[in-house]
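Below: one structure, written as structure tokens.
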Amino acid sequence: MSAESERSSPAPNADPTPSGAPSPTSTPSPDSVSTPNSGTPEGDTGSARADAEAGIAGGAVGPSAAAAAAPGSPGPAPKGASAGDTGAELLRMEGVRKTFPGVIALDGVDFDLRRGEVHVLLGENGAGKSTLIKMVSGAHRPDGGRILVDGEPVRINSAQDAERLGIATIYQEFNLVPDLTVAENIFLGRQPRRFGMIDRKAMDARAAELLARVGVDVSPRTRVRDLGIARLQMVEIAKALSLEARVLIMDEPTAVLTTEEVDKLFRIVRALRADGVGVVFITHHLEEIAALGDRVTVLRDGRSVTQVPAATDRDELVRLMVGRSIEQQYPRERGDAGEPLLKVRGLTRNGSFQDIGFEVRAGEVVGLAGLVGAGRTEVVRALFGADPYDSGSVEVLGRPLPRQDVVAAMRAGIGLVPEDRKGQGLVLDGSVQENLGLVTLRAATRGGLVDRAAQRRAAAGVAERLAVRMAGLDQRVRTLSGGNQQKVVIGKWLLADSKVLILDEPTRGIDVGAKVEIYQLINELTASGHAVLMISSDLPEVLGMSDRVLVMAQGRIAGELTAREASQDAVMALAVKDVKGADEEVGGKEKEGSRGH
Numbered sequence: 001m002s003a004e005s006e007r008s009s010p011a012p013n014a015d016p017t018p019s020g021a022p023s024p025t026s027t028p029s030p031d032s033v034s035t036p037n038s039g040t041p042e043g044d045t046g047s048a049r050a051d052a053e054a055g056i057a058g059g060a061v062g063p064s065a066a067a068a069a070a071p072g073s074p075g076p077a078p079k080g081a082s083a084g085d086t087g088a089e090l091l092r093m094e095g096v097r098k099t100f101p102g103v104i105a106l107d108g109v110d111f112d113l114r115r116g117e118v119h120v121l122l123g124e125n126g127a128g129k130s131t132l133i134k135m136v137s138g139a140h141r142p143d144g145g146r147i148l149v150d151g152e153p154v155r156i157n158s159a160q161d162a163e164r165l166g167i168a169t170i171y172q173e174f175n176l177v178p179d180l181t182v183a184e185n186i187f188l189g190r191q192p193r194r195f196g197m198i199d200r201k202a203m204d205a206r207a208a209e210l211l212a213r214v215g216v217d218v219s220p221r222t223r224v225r226d227l228g229i230a231r232l233q234m235v236e237i238a239k240a241l242s243l244e245a246r247v248l249i250m251d252e253p254t255a256v257l258t259t260e261e262v263d264k265l266f267r268i269v270r271a272l273r274a275d276g277v278g279v280v281f282i283t284h285h286l287e288e289i290a291a292l293g294d295r296v297t298v299l300r301d302g303r304s305v306t307q308v309p310a311a312t313d314r315d316e317l318v319r320l321m322v323g324r325s326i327e328q329q330y331p332r333e334r335g336d337a338g339e340p341l342l343k344v345r346g347l348t349r350n351g352s353f354q355d356i357g358f359e360v361r362a363g364e365v366v367g368l369a370g371l372v373g374a375g376r377t378e379v380v381r382a383l384f385g386a387d388p389y390d391s392g393s394v395e396v397l398g399r400p401l402p403r404q405d406v407v408a409a410m411r412a413g414i415g416l417v418p419e420d421r422k423g424q425g426l427v428l429d430g431s432v433q434e435n436l437g438l439v440t441l442r443a444a445t446r447g448g449l450v451d452r453a454a455q456r457r458a459a460a461g462v463a464e465r466l467a468v469r470m471a472g473l474d475q476r477v478r479t480l481s482g483g484n485q486q487k488v489v490i491g492k493w494l495l496a497d498s499k500v501l502i503l504d505e506p507t508r509g510i511d512v513g514a515k516v517e518i519y520q521l522i523n524e525l526t527a528s529g530h531a532v533l534m535i536s537s538d539l540p541e542v543l544g545m546s547d548r549v550l551v552m553a554q555g556r557i558a559g560e561l562t563a564r565e566a567s568q569d570a571v572m573a574l575a576v577k578d579v580k581g582a583d584e585e586v587g588g589k590e591k592e593g594s595r596g597h
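Per the UniProt record's numbering, the very first residue in the sequence shown carries number 1; after that it's consecutive.
Have a look at this one:
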């Protein structure tokens with residue numbers, strides 16, 4: 001039977017039980033659920049997430065249904081490899097295709113995953129990685145090709161179908177309900193019952209076992225909203241373990257983790273691999289590939305380019321990913337600095353930062369380095385007017401800025417690209433045009449009405465300049481890839497012609513090719529007389545793109561280095577410096593997962 005006829009014809013063993021409520025006395029075929037085709041472009045993870053949060057997950061999955069199910073919650077056991085089939089193929093995708101209006105997201109992609117391996121999925125933003133994993137997780141359905149699990153063709157029409165097959169996905173945006181406890185999130189829709197009531201004691205006990213397995217010291221009764229990013233991720237992994245997942249898909253799991261948290265995550269992934277779990281690992285951090293991966297599949301423009309060993313040279317991976325050689329990772333073009341555009345003097349907020357002073361001149365990039373908790377983000381938000389400060393002053397082009405006045409800062413010529421682009425930099429349900437015009441909306445107003453035609457022309461020009469990959473200016477921003485979302489955030493400040501641009505983690509979560517495009521944009525801005533203040537946790541990026549580096553420690557400026565003086569050792573020596581005279585209350589006070597840097 002062809003893949004197309006398989007999708008369109010009813011499954012021979014269709015389960016009469018409604019979707020999301022599998023019968024405890026029957027085992028539904030993975031082909032038994034038929035839902036409408038998803039029409040959501042890459043970037044919207046709502047389908048699978050909504051199913052999970054609604055508590056309609058299907059029965060437990062795994063090699064043993066009895067082991068997989070939560071206490072008192074039976075679930076069907078999938079067909080396939082036994083626990084002893086080391087290296088057996090778990091998952092295969094053959095010639096998979098997916099299109100959205102105006103976009104070919106995937107064009108004949110092949111991919112496979114074996115038992116007990118970490119298979120890295122690599123590609124630029126927009127290459128099709130998100131669409132691919134959403135098909136495996138049931139959020140999207142393929143338009144062509146086929147998916148096989150344990151060598152048998154299947155249709156994965158929902159998150160419940162994926163769970164029944166032993167497939168769990170951890171997205172960048174976690175599928176957790178903030179107001180529920182850790183245990184309730186782990187067993188959402190699969191709570192153990194006794195005498196018809198939820199058995200909270202059994203649920204908490206099982207959750208505690210799973211949390212101990214992933215090495216996180218959290219009470220099962222803790223509300224999820226009280227956890228930091230790293231612990232939220234461990235809860236997601238515990239949730240996957242509760243499903244006895246044989247296939248674990250991890251989408252950019254290290255994007256917001258510290259070095260120590262990444263090391264801990266890698267230990268857990270290696271342990272899962274040793275237990276025979278197949279892991280699909282998506283990352284933009286090339287150094288992580290050889291450290292964790294076994295094989296790499298490279299996607300480019302919706303096609304699978306090649307499959308190579310994880311030990312493949314970094315430069316070769318970059319060439320395969322972007323289709324060209326990148327001779328210089330950080331193409332900084334340094335020129336002579338001009339007059340000071342931004343002056344900060346004695347900026348202080350008790351408990352956060354103290355006596356911060358520096359200048360940023362026309363035509364230069366100043367990097368702001370430091371460890372997590374040093375206070376970098378707090379400083380730039382204060383000088384932009386988003387947060388208060390107790391004393392000190394900020395000047396732009398020689399004119400003082402009032403405290404905590406974002407509008408005044410914008411009018412003076414300061415633009416801020418925040419580290420949380422989705423939460424603070426974009427209106428996700430707005431169009432590309434609307435987001436690009438946010439800062440200049442007042443200027444585009446004539447007689448109380450927005451000149452939409454003029455706004456559209458301006459937005460089109462910036463989108464073309466930044467090479468934003470989109471179906472059109474009316475496309476919703478939430479459906480863009482991370483790199484293209486970041487271009488839109490930067491683009492709105494280009495439209496405003498901001499003289500001082502503050503970039504907080506400008507390349508976090510975007511691919512190598514998009515990073516180079518942003519670096520080239522920084523060069524263009526400084527060449528035309530703009531000033532850039534850049535915060536980055538990527539130390540090579542700071543060193544490669546900065547004309548000067550300011551290093552913060554314990555809420556103070558610990559030192560300044562020229563581009564020639566700056567090295568990883570020099571920066572780290574200042575970053576861990578015990579700043580003499582620093583207040584004891586300054587530094588080290590951020591909670592895990594807070595936004596400060």
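Note that CB positions come from ideal geometry on N, CA and C, so glycine has one too.
Candidates the options: closest to residue i by CA position
i      : options                        : result
Pro309 : Arg225, Ile289, Ile198         : Ile289
Val136 : Gly116, Gly123, Glu124, Leu165 : Leu165
Leu539 : Gly513, Ile522, Gly555, Ala573 : Ala573
Gly461 : Gly483, Ser481, Gly437, Gly482 : Gly437
Asp365 : Lys499, Ala467, Val439         : First, the amino acid is wrong: residue 365 is Val here, not Asp. Nearest option by C-alpha distance: Lys499.
Ile414 : Val380, Ser567, Val149         : Val380
Ala255 : Ile249, Tyr519, Thr526, Gly509 : Gly509
Thr283 : Val262, Leu428, Leu426         : Val262
Arg300 : Ile518, Ala127, Asp110         : Ala127
Gly151 : His119, Met93, Ile104, Glu316  : Met93
Ile535 : Gly373, Ala245, Ser431         : Gly373
Val182 : Val218, Asp112, Lys515, Ile167 : Val218
Ser352 : Ala558, Val247, Glu359, Thr377 : Thr377
Ser158 : Leu180, Ile133, Gly144, Gln172 : Ile133
Per DSSP, the bridge partner or partners of residue i
i      : result
Phe353 : Arg349
Gln307 : Thr297
Thr169 : Ile249
Thr99  : Ile104
Arg231 : According to DSSP, Arg231 bridges with nothing at all.
Arg267 : Its beta-bridge partners do not exist; DSSP assigns none.
Lys343 : Glu359, Glu395
Glu152 : Val149
Thr181 : Arg223
Ser536 : None, per the DSSP bridge assignment.
Asp112 : Arg92
His285 : Per DSSP, none; premise fails for His285.
Rounded separation between residue i and residue j - CA only
i           : j      : result
Ala230      : Leu449 : 46 Å
Ser528      : Ala496 : 15 Å
Gly491      : Gly367 : 21 Å
Gly323      : Arg303 : 12 Å
Leu292      : Ser130 : 20 Å
Leu371      : Ala553 : 7 Å
Val344      : Asn175 : 41 Å
Ala459      : Arg114 : 46 Å
Gln475      : Lys577 : 47 Å
Leu341      : Gly335 : 16 Å
residue 613 : Arg267 : It is not possible to answer for residue 613, since the shown part of the chain is limited to 1 through 597.
Leu561      : Leu227 : 36 Å
Val468      : Ser431 : 13 Å
Arg221      : Ser242 : 17 Å
Buried or exposed (CB count within 10 angstroms, at least 16 for buried), residue i
i           : result
Leu347      : buried
Ala407      : Reading the sequence as shown, one finds Val at residue 407 and not Ala. Val407 is exposed by the Cβ-count criterion.
Leu441      : exposed
Met545      : buried
Arg399      : exposed
Lys239      : buried
Ser391      : exposed
residue 601 : Absent from the structure is residue 601, since the part of the chain shown begins at 1 and ends at 597.
Arg361      : buried
Close beta carbons around residue i, own chain, < 7 Å, minus the five adjacent residues each side
i      : result
Leu494 : Val462
Arg421 : Gln485, Gln486, Val489
Asp355 : Gly346, Thr348, Arg556
Asp294 : Glu117, Val118, His119, Ala310
Phe384 : Val406, Ala409, Ile414, Leu416, Ile502
Residue i CB to nearest heavy atom of the ligand SAH below 7 Å
i      : result
Ser498 : Absence of the ligand SAH is noted for the structure shown, with no ligands found whatsoever.
8 Å Cβ shell around residue i - same chain, five flanking residues per side excluded
i      : result
Asn185 : Leu176, Val177, Val224, Val235, Lys239
Gly472 : Gly102, Val432
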